[in-house]
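Residue numbers (this note's numbering): 1 to 318.
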């Protein structure tokens, strides 16, 4: 049976692989479990932050004030714990300031898609070579996340607005929703940043121009980095990379090859004669890299070879 101690170890990244699997299965089993996890995580972070604040303040005070302050901090920690356990909010200016500088970062290595849940119960799938960052105080006062690469989101419906800022290092866009399903592709090396909405509606703000865009179901926002021009386009239903589809929108073969490298953790060499002269539009289905490459040969004048290890691919003109 899963214990509270095991959950705390998981939160503090001290759980064994076996315990991690047990906690993840427990989280998947019900929404109540996810809420309980979020409550324990918020309480754990609150105690850590306030303990750190206590140590800092105590170091500045004289010996007499240390005793008085330590009693105040102890009382504050007990009060914070009680407020979290009762579901009430606790406001503390210094605490908020310290919390804002602490983030949790999740990285999906090349060749792997990571499935996980945020503290509010929202589901995220990170594509290979992507990173998601959010405050350790996520879901208490705000629901902001920062994305680099590609992520598929199923956002839990809450009163607090859910915001995604992307790309991570120098955000250009801020997407805001209350609860819906969407995908963002913002790899640094790609020419375009593409935001696709599958359900509901979202608002996208260009943080540089302050221009706003509204997306409805089965539409996408495409931003061309070279021209800094945005457009909104319709998309076909059902084609998602999470379902083994690789969707292309007039992509050059070199750009598509980069995407396949991230998804399957391989190295692809494209003949220079094809770059700029071979592009793809539509959805390529494939449960494996070989299946996708085979489908590419059916619709374009190319051939490919694969090393014995399957890690190196060469694409040439037929």
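Yeah, the Cβ is synthetic: ideal placement off N, Cα and C, and Gly gets one too. Keep in mind it's a predicted model, so treat the numbers as computed, not measured.
Output the distance between the C-alpha atoms of residue i and residue j, rounded to the nearest integer angstrom.
i, j, result
"residue 316", "residue 309", "19 Å"
"residue 152", "residue 295", "24 Å"
"residue 246", "residue 286", "8 Å"
"residue 207", "residue 23", "38 Å"
"residue 26", "residue 19", "10 Å"
"residue 170", "residue 318", "41 Å"
"residue 177", "residue 202", "5 Å"
"residue 265", "residue 167", "22 Å"
"residue 200", "residue 241", "19 Å"
"residue 283", "residue 28", "30 Å"
"residue 128", "residue 259", "9 Å"
"residue 14", "residue 6", "9 Å"
If distances are taken between C-alpha atoms only, which option among the options comes closest to residue i?
i, options, result
"residue 125", "135, 114, 6", "114"
"residue 268", "312, 11, 2, 117", "312"
"residue 175", "192, 190, 211", "211"
"residue 183", "293, 161, 243", "243"
"residue 344", "37, 288, 300", "The question about residue 344 has no answer, for the chain in this structure spans 1 to 318."
"residue 224", "249, 253, 280, 34", "249"
"residue 189", "209, 135, 254", "254"
"residue 2", "33, 12, 14, 13", "33"
"residue 40", "28, 251, 13, 8", "8"
"residue 111", "117, 130, 123", "130"
"residue 158", "165, 173, 141, 172", "141"
Under 7 Å Cβ to Cβ from residue i, same chain only, skipping five residues before and after it: list those, please.
i, result
"residue 213", "204, 221, 230, 232"
Could you name the residues of the same chain whose beta carbon sits closer than 6 Å to that of residue i, not counting the 5 residues immediately before and after it, in chain order?
i, result
"residue 187", "149"
"residue 261", "268"
"residue 160", "143"
"residue 162", "143, 155, 177"
"residue 133", "103, 105, 146"
"residue 185", "150, 194"
Residues in its own chain within less than 8 Å of residue i by CB, not counting five upstream and five downstream?
i, result
"residue 239", "245, 247, 283"
Minimum length 3: unbroken beta strand (DSSP E) runs contained in the segment 250-282:
Listed in chain order, the beta strand (DSSP E) elements of length 3 or more contained wholly in the segment 250-282 are 267-270.
Where are the alpha helix (DSSP H) runs, 4 residues long or more, that stay fully inside the segment 12-41, in chain order?
17-29, all fully within the segment 12-41.
Which complete beta strand (DSSP E) runs does the segment 133-215 hold, if anything under 3 residues is left out?
Assignment of beta strand (DSSP E) within the segment 133-215, counting only whole runs of 3 or more residues, yields 143-154, 162-166, 173-177, 181-186, 192-199, 201-206 in chain order.
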